[in-house]
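Student: When you read off a place in the sequence shown, starting at 1, and then add 1407, the result is the number in our numbering. Quick reminder that beta carbons are idealized off the backbone N, C-alpha and C, glycines included. Following this message is one structure expressed as structure tokens.
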Amino acid sequence: MATRGFEGRRPPAELADRIPPGQSLTDGFPVLSAGPTPRIATADWAFTLKSGPRPIKKWSWAEFQALPQTKMTRDIHCVTKWSKLNTPWAGVTVDDLLADAGIEPATPFMLAHSYDGYSTNVPAADLLDGKAMVATHYEGKPLTPEHGGPARLLVPHLYFWKSAKWVNGLQFTERDEPGFWELRGYHIHGDPWREQRFRGD
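As structure tokens, then:
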């Protein structure tokens, strides 16, 4: 895991209700990853929605950009104890992906998959009703590879390891299957307000 540029500070009193327990504010945007940063050209990028092993629908980059585009400004919180407020994103909500595929949630559970082999589990309820998107832009600019570009999952109400970088698919699963960090001791859900950092929290 790599990190750059994190300088934490205590939140002012007027922001205390936006900062989960144990977190500190940062004005930067630390870079963290489980391995080397992949470089995926948009011409080679595709996103697949699956139910178990069965593909439901696949979008190319051009097809993905033709879907309804949504802007979202949210606070984000990393398990390494930094928080960043008012982060502006744009992309396609998970609701709009399912609508374009013409399906309702197939199971209560999902796995996000990435180009580098990373995966993370997220309950479907945490991805729907405007709670999450596949983000392609940050601060009005295309996502850089270091921050997960060309596309990353954004689930801002959970710890940021759930917002998988370099995402290339979502898979409905019959059970809540742990992903990369969950298999290595991180919490199965990851709610910052309940300090669900590690297994047993």
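Starting from Phe1471, trace the alpha helix (DSSP H) in both directions and tell me its first and last residue.
Tutor: As a position in the sequence shown, residue 1471 is number 64, starting the count at 1. First-last of the alpha helix (DSSP H) with Phe1471: 1468-1472.
Student: Pull up the DSSP beta-bridge partners for Pro1462, would you.
Tutor: As a position in the sequence shown, residue 1462 is number 55, starting the count at 1. Paired residue(s): Lys1457.
Student: Under 8 Å: do the segment 1571-1587 and the segment 1445-1464 share three or more Cβ pairs, one atom per stretch?
Tutor: Flag = yes, the segment 1571-1587 and the segment 1445-1464 touch.
Student: Pick helix, strand or coil for Pro1599, following the three-state DSSP scheme.
Tutor: Within the sequence shown, residue 1599 is the residue found at index 192, counting from 1. Reduced to three states, the DSSP call for Pro1599 is helix.
Student: May I ask which residues mark the beginning and end of the alpha helix (DSSP H) holding Ala1542?
Tutor: Against the sequence shown, residue 1542 aligns to sequence position 135. Premise fails: Ala1542 lies in the beta strand (DSSP E), 1540-1545, not in any alpha helix (DSSP H).
Student: Taking the DSSP output, what are the residues bridged to Tyr1593?
Tutor: Walking along the sequence shown from the start, residue 1593 turns up at place 186. DSSP, once it has assigned bridges, lists Phe1605 as partnering Tyr1593.
Student: Between which two residues does the beta strand (DSSP E) holding Asp1482 run?
Tutor: For the purposes of this step, residue 1482 is taken as residue 75 along the sequence shown, with counting starting at 1. Segment 1477-1484, the beta strand (DSSP E) holding Asp1482.
Student: Check Phe1567 in the structure and name its three-state DSSP category.
Tutor: Reading the sequence shown from its first residue, position 160 is the one you call residue 1567. In the structure shown, Phe1567 sits in a helix (DSSP, three-state: H, G or I).
Student: Nearest CA to the CA of Leu1432: which residue from Cys1485, His1596, Pro1585?
Tutor: Your numbering for residue 1432 matches position 25 in the sequence shown. Of Cys1485, His1596, Pro1585, the residue nearest in Cα terms is Cys1485.
Student: Can you give me the Cβ contacts of Ser1526 inside the same chain, cut-off strictly under 6 Å, excluding the 5 residues immediately before and after it?
Tutor: Position 119 of the sequence shown holds residue 1526. If we look at Ser1526 and ignore the five residues flanking it on each side, its Cβ neighbours are Leu1518, His1520, Gly1586, Phe1587.
Student: Excluding the five sequence neighbours on either side, which residues of its own chain have a C-beta within less than 7 Å of the C-beta of Glu1553, listed in chain order?
Tutor: Here residue 1553 refers to the residue found at position 146 when the sequence shown is read from its first residue. Taken in chain order, the residues that qualify are Val1438, Thr1444.
Student: Around the Cβ of Phe1471, are there at least 16 other Cβ atoms within 10 angstroms (buried) or fewer (exposed)?
Tutor: Reading the sequence shown from its first residue, position 64 is the one you call residue 1471. Classification of Phe1471: buried, given that the 10 Å Cβ count is 16 or more.
Student: Once DSSP output is grouped into helix, strand and coil, what is the label at Arg1425?
Tutor: Counting from one through the sequence shown, the residue named residue 1425 turns up at place 18. Looking at Arg1425 - three-state DSSP - the assignment turns out to be helix.
Student: Suppose the cutoff is 8 Å on Cβ atoms and the five residues either side in sequence are ignored; what does the same chain contact list for Ala1450 look like?
Tutor: For the purposes of this step, residue 1450 is taken as the residue at position 43 of the sequence shown. Once the five neighbours on either side are set aside, the close Cβ partners of Ala1450 are Trp1468.
Student: Counting Cβ pairs closer than 8 Å, one from the segment 1589-1607 and one from the segment 1538-1554, do we hit at least three?
Tutor: These segments do not touch.
Student: Could you give the distance in angstroms between the alpha-carbon of Leu1561 and the alpha-carbon of Tyr1545?
Tutor: Position 154 of the sequence shown, counted from the first residue, corresponds to residue 1561. Position 138 of the sequence shown, counted from the first residue, corresponds to residue 1545. Near 11 Å, if we compare the C-alpha coordinates of Tyr1545 and Leu1561.
Student: Between Glu1584, Phe1567, Trp1600, Leu1550, which has its C-alpha nearest Arg1446's C-alpha?
Tutor: In the sequence shown, residue 1446 corresponds to position 39, counting from 1. Comparing Cα positions, the closest option is Leu1550.
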